[in-house]
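J.: Mind having a look at this structure? Questions to follow.
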Amino acid sequence: MQFSLGAIDYAVLGVYFVFVIAIGWLLRRRVQSSQDFLTSRHSVPLWITSLAFIAANLGAQEVMGMAASGAKYGAMTFHFYWAGAIPAMIFVGVFMMPFYYGSRARSVPEYLKLRFDEKTRALNAVTFAVMTVFSSGISMYALGTLLELVLGWNFSACVLLSAGIVLVYTLLGGLTGAIYNEVLQFFLIVVGFAPLSIMAAVKAGGWEGMAARLPAPMTHSWAYAGSAAANPMGVEAFGLIAGLAFVLSFGYWCTDFLVVQRAMAANSMSAARRTPLIAAFPKMIMPLIVIVPGIAAIALTNANVGYALPTKGTSYDYDQTLMTLMMQFYPSGLLGLGLTALIASFMSGMAGNVTAFNTVFTYDLYQSYVRPGASDEHYLTVGRFATVGGIAVSIGAAYFAARYNNMMDVLQLVFSFVNAPLFATFMLGMFWRRTTGHGAFTGLFSGTLAAALFQGSTLAEGKGAWLANLHTFPSVMAQNFYIAIVAWTTCFVVSILVSLATRPKTDEEMRGLVMGLTDIPHDAHEPWFRRPGPLAVVVGIAVVILNVVFW
Amino acid sequence: MVDLRRIIGVFFVIVGLLLLTVPGARAPLTPGPVNLYMAGVTIVFGAVMLALSLRSPGGK
Numbered sequence: 070m071q072f073s074l075g076a077i078d079y080a081v082l083g084v085y086f087v088f089v090i091a092i093g094w095l096l097r098r099r100v101q102s103s104q105d106f107l108t109s110r111h112s113v114p115l116w117i118t119s120l121a122f123i124a125a126n127l128g129a130q131e132v133m134g135m136a137a138s139g140a141k142y143g144a145m146t147f148h149f150y151w152a153g154a155i156p157a158m159i160f161v162g163v164f165m166m167p168f169y170y171g172s173r174a175r176s177v178p179e180y181l182k183l184r185f186d187e188k189t190r191a192l193n194a195v196t197f198a199v200m201t202v203f204s205s206g207i208s209m210y211a212l213g214t215l216l217e218l219v220l221g222w223n224f225s226a227c228v229l230l231s232a233g234i235v236l237v238y239t240l241l242g243g244l245t246g247a248i249y250n251e252v253l254q255f256f257l258i259v260v261g262f263a264p265l266s267i268m269a270a271v272k273a274g275g276w277e278g279m280a281a282r283l284p285a286p287m288t289h290s291w292a293y294a295g296s297a298a299a300n301p302m303g304v305e306a307f308g309l310i311a312g313l314a315f316v317l318s319f320g321y322w323c324t325d326f327l328v329v330q331r332a333m334a335a336n337s338m339s340a341a342r343r344t345p346l347i348a349a350f351p352k353m354i355m356p357l358i359v360i361v362p363g364i365a366a367i368a369l370t371n372a373n374v375g376y377a378l379p380t381k382g383t384s385y386d387y388d389q390t391l392m393t394l395m396m397q398f399y400p401s402g403l404l405g406l407g408l409t410a411l412i413a414s415f416m417s418g419m420a421g422n423v424t425a426f427n428t429v430f431t432y433d434l435y436q437s438y439v440r441p442g443a444s445d446e447h448y449l450t451v452g453r454f455a456t457v458g459g460i461a462v463s464i465g466a467a468y469f470a471a472r473y474n475n476m477m478d479v480l481q482l483v484f485s486f487v488n489a490p491l492f493a494t495f496m497l498g499m500f501w502r503r504t505t506g507h508g509a510f511t512g513l514f515s516g517t518l519a520a521a522l523f524q525g526s527t528l529a530e531g532k533g534a535w536l537a538n539l540h541t542f543p544s545v546m547a548q549n550f551y552i553a554i555v556a557w558t559t560c561f562v563v564s565i566l567v568s569l570a571t572r573p574k575t576d577e578e579m580r581g582l583v584m585g586l587t588d589i590p591h592d593a594h595e596p597w598f599r600r601p602g603p604l605a606v607v608v609g610i611a612v613v614i615l616n617v618v619f620w
Numbered sequence: 095m096v097d098l099r100r101i102i103g104v105f106f107v108i109v110g111l112l113l114l115t116v117p118g119a120r121a122p123l124t125p126g127p128v129n130l131y132m133a134g135v136t137i138v139f140g141a142v143m144l145a146l147s148l149r150s151p152g153g154k
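So the sequence lines, in the order shown, correspond to chains A and B. Residues 70 to 620, numbered by the numbering used here, are exactly what the first sequence covers, in order. Residues 95 to 154, numbered by the numbering used here, are exactly what the second sequence covers, in order.
This is the structure we're talking about:
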């Protein structure tokens, strides 16, 4: 399968490259200090932080992966948005952002230091820094492999060109440059993929046509979630709600600095709180753009109308869903726009990781442990070097992933071990004053260990059970959801037990960091759409309606 | 201060104009002149962003 690009397609791609670098160039004068470069100095308008909040998460692996999951699991994939993102986005905006923003911490690990202690910050900073550069590397590897496969471009050229462009605009514009570009990338992703969704769905006969050509569980999100055996995902309602909608979703949207950093860049506490809530509106619509094409692909294959999803062995090759649909529906011109959108989504994910990495490296590792008390100019220089270093390590990680194919699986697994318990630490830290630094650190460590042991003693699709096989899950996804539940619960319980046996900080030390000791701005005089509470209610009602419509 | 709406507006107008150069291109399952439709969409979107940019304080 190879695309043949025309001059017009290359022209669209070229214009995009020029604009992303131009954005960095135009913003370069704003970067005068380390705070400008690494945190945007709380100066970015609300509409920009809101779109960047979801764009940073909208990497190409997400876009292509969701189309593939739509083809494999059908409408149950909607859960990754309507259950696995929106409730957590409401929670972080309404309840957690006052502590992040109010503490004036420059990063999530720094918040952990203020609330708990140095060792908890160090644990989070080191794991986060390693995770972000490897995530960025995996993203690069996926981009290089894809472009080599479908365009016949050289793997190294793709990796170096994409990394080089991200490096240029991030070095010039810092976090603001990355955030501004993420907004352009967001619009490009919507404009680039929405026509595919519309054309594929119309060709498949609309939602009714798809429902007529597919097994019933493929077009219902909740109706077949009563039993793991009744749906293609192999997960029942408890695993979905507790594993995905609670632990994994809240663990990511509420504690991952990559997304939280976008809200923290907002120009006021009110804007920071509304960032995830405003972002929730486009986020709710994204499944119609990235998942529906996958469902339509299977319906079109069944309808025999000139499109067939390729097979791999005895099953469909779901990873080819998006590309094969583009090949069949997009003529030259629109094809260039679609491919540019795909490359934009890779860059958006990569830049998001790199800008989060350079902040954590500079403030939480270098300033804290290598050279405290240096001039701001020095930290600005270190931040720039960290950007170059982060991208260089990412390139190395891309080649590492290319050499060891299963590296991606291993890393994704390790990420889930680390992320799942973190939400328990934050929940306790922000809402229970009695939580101590020793409790948080021991809980995090125990939660990660419990996740590894659980994965080692259960089996799913041939994966896991490297210790013993005590239980077999019908799918890796079901196994992942239960690993998250075990990790979160272990962290939660151990943190409470150790906290009760150790001495907490005084109220004065926790002012601005926990509920009851933090001033929440009074906003009753503001119109409803400028208040987080009413906005959250509107978002909540909208997401309930979507769940009911696609029940 | 950089107005992002202006940059996005110019970008999408250019993309729309590029699509207008191949209005009738077809792929195997293309239902109609989709480049033409998308050119319209991107130019209108770009124009709206530019208009918003010019209407804002300091935009003119």
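All C-beta atoms in this analysis are idealised placements derived from N, C-alpha and C, irrespective of residue type, glycine included. These numbers were taken from a predicted model, which means no experiment stands behind them.
From the DSSP output, in three-state form, read off Lys-141(A) for me.
T.: Helix.
J.: Just how far apart, CA to CA, sit Leu-183(A) and Leu-569(A)?
T.: Approximately 20 Å between the Cα atoms of the pair.
J.: Against chain B, which members of the segment 105-131 of chain A pass a CB distance test of less than 7 Å?
T.: Correct list: Ile-117.
J.: What does the Cβ neighbour count give for Thr-541(A), buried or exposed, with the cut at 16 atoms within 10 Å?
T.: Exposed.
J.: Quick check: what's the CA-CA separation for Tyr-399(A) versus Thr-409(A)?
T.: Tyr-399(A) and Thr-409(A): Cα-Cα distance of roughly 13 Å.
J.: Look at the alpha carbon of Lys-154(B) and the alpha carbon of Val-260(A), and state the distance between them as a whole number of angstroms.
T.: In this predicted model, Lys-154(B) has a pLDDT of only 47, less than 50, meaning its place in the structure is not dependable; the value taken from the coordinates is given anyway. So the two alpha carbons sit approximately 27 Å from each other.
J.: Residues of chain A with a CB under 8 Å from the CB of Arg-120(B): which are they?
T.: Ordered by position in chain A, the residues that pass the 8 Å Cβ test against Arg-120(B) are Pro-400.
J.: Within 10 angstroms of its Cβ, does Trp-535(A) collect 16 or more other Cβ (buried), or is it exposed?
T.: The residue in question, Trp-535(A), is exposed, as its Cβ has fewer than 16 Cβ neighbours within 10 Å.
J.: Could you compute how far the alpha carbon of Phe-86(A) sits from the alpha carbon of Phe-105(B)?
T.: Whole-angstrom Cα-Cα distance: 11 Å.
J.: Would a check of beta-carbon distances place Ile-108(B) closer than 7 Å to chain A?
T.: Taking Cβ atoms only, chain A reaches closer than 7 Å to Ile-108(B), which makes this a yes.
J.: Can you name the start and end residues of the beta strand (DSSP E) that Thr-541(A) belongs to?
T.: Its beta strand (DSSP E) spans residues 540-542.
J.: List the residues of chain A whose Cβ lies closer than 8 Å to the Cβ of Leu-148(B), in chain order.
T.: Ordered by position in chain A, no residue passes the 8 Å Cβ test against Leu-148(B), which lies about 17 Å from the chain.
J.: Within the 7 Å Cβ cut-off, does Gln-436(A) reach chain B?
T.: So no, Gln-436(A) is outside the interface.
J.: Suppose you measure from the CA of Leu-144(B) to the CA of Leu-98(B); what does that come to, to the nearest Å?
T.: Between Leu-144(B) and Leu-98(B), the C-alpha separation is close to 10 Å.
J.: If you reduce the DSSP assignment to three classes, tell me which class Lys-154(B) lands in.
T.: Note that Lys-154(B) scores 47 on pLDDT, short of 50, meaning its location in the model is unreliable; the coordinates nonetheless yield the value given after this. The answer is coil: DSSP assigns Lys-154(B) none of H, G, I, E or B.
J.: Between which two residues does the alpha helix (DSSP H) containing Ala-366(A) stretch?
T.: Segment 361-372, the alpha helix (DSSP H) holding Ala-366(A).
J.: How about Tyr-249(A): is its C-beta nearer than 7 Å to some C-beta of chain B?
T.: Yes, Tyr-249(A) counts as interfacial toward chain B.
J.: Which residues in chain A have a C-beta closer than 7 Å to the C-beta of Leu-144(B)? List them in chain order.
T.: The contacting residues do not exist; Leu-144(B) stays about 13 Å from chain A at best.
J.: So which of Leu-346(A), Met-302(A) and Val-374(A) has the shortest CA-CA distance to Val-329(A)?
T.: Ranking Leu-346(A), Met-302(A) and Val-374(A) by Cα distance to Val-329(A) puts Leu-346(A) first.
J.: Starting from the C-beta of Ile-310(A), find all residues in its chain whose C-beta is less than 8 Å away, skip the five residues before and the five after it, and write them out in chain order.
T.: The residues are Ala-152.
J.: Which residues mark the beginning and the end of the alpha helix (DSSP H) in which Leu-411(A) is found?
T.: Note, Leu-411(A): alpha helix (DSSP H), 403-428.
J.: Just the C-alpha distance for Tyr-12(A) and Gly-134(B), rounded to the nearest angstrom, thanks.
T.: Residue 12(A) lies beyond the residue range present for chain A, which begins at 70 and ends at 620; the question has no answer from this structure.
J.: Nearest to Thr-505(A) by alpha carbon, out of Ile-460(A), Thr-571(A) and Tyr-468(A)?
T.: For Thr-505(A), the nearest C-alpha among the options comes from Thr-571(A).
J.: Whole angstroms are fine: how far does the CA of Arg-342(A) sit from the CA of Val-608(A)?
T.: C-alpha separation (whole angstroms): 14 Å.
J.: Going along chain B in order, which residues have a C-beta closer than 9 Å to the C-beta of Val-260(A)?
T.: What Val-260(A) touches in chain B: Phe-106, Val-109, Met-132, Val-135, Thr-136 and Phe-139.
J.: Classify Asn-623(A) as buried or exposed, calling it buried when 16 or more other Cβ atoms lie within 10 Å of its own Cβ.
T.: Since the displayed chain A opens at 70 and closes at 620, residue 623(A) lies outside it and no answer follows.
J.: Can you find a C-beta in chain B that's less than 7 Å from the C-beta of Ile-77(A)?
T.: It does: the Cβ of Ile-77(A) has a partner Cβ on chain B nearer than 7 Å.
J.: Going by Cα to Cα distance, which pick from Pro-596(A), Ala-547(A) and Lys-574(A) is closest to Ser-296(A)?
T.: Answer by Cα proximity: Ala-547(A).
J.: Does DSSP put Tyr-85(A) in a helix, a strand or coil?
T.: DSSP places Tyr-85(A) in helix when its eight states are reduced to three.
J.: Does the beta carbon of Gln-101(A) sit closer than 7 Å to a beta carbon anywhere in chain B?
T.: No, Gln-101(A) does not count as interfacial toward chain B.
J.: Comparing C-alpha positions only, which one of Ala-520(A), Gly-242(A) and Pro-351(A) sits nearest to Gly-93(A)?
T.: Among Ala-520(A), Gly-242(A) and Pro-351(A), the Cα nearest to that of Gly-93(A) belongs to Gly-242(A).
J.: Using beta-carbon positions only, say whether Leu-403(A) and Val-96(B) come within less than 7 Å of one another.
T.: Not a contact, by the Cβ cut-off of 7 Å.
J.: Leaving aside the five residues before and after Ile-155(A) along the sequence, list all residues of the same chain whose C-beta is less than 7 Å from its C-beta, in chain order.
T.: Counting only Cβ-Cβ distances below 7 Å, and skipping sequence neighbours, we find Ala-349, Lys-352, Met-353, Val-608 and Val-612.
J.: Taking only three categories from DSSP, how would you classify Gly-533(A)?
T.: Of the three classes helix, strand and coil, the one that applies to Gly-533(A) here is strand, per DSSP.
J.: Any residues in the segment 359-392 of chain A with a beta carbon nearer than 7 Å to a beta carbon of chain B? Which ones, in chain order?
T.: Flagged, chain order: Gly-375 and Tyr-376.
J.: Using the three-state DSSP reduction, which class does Ala-335(A) fall into: helix, strand or coil?
T.: Strand at Ala-335(A).
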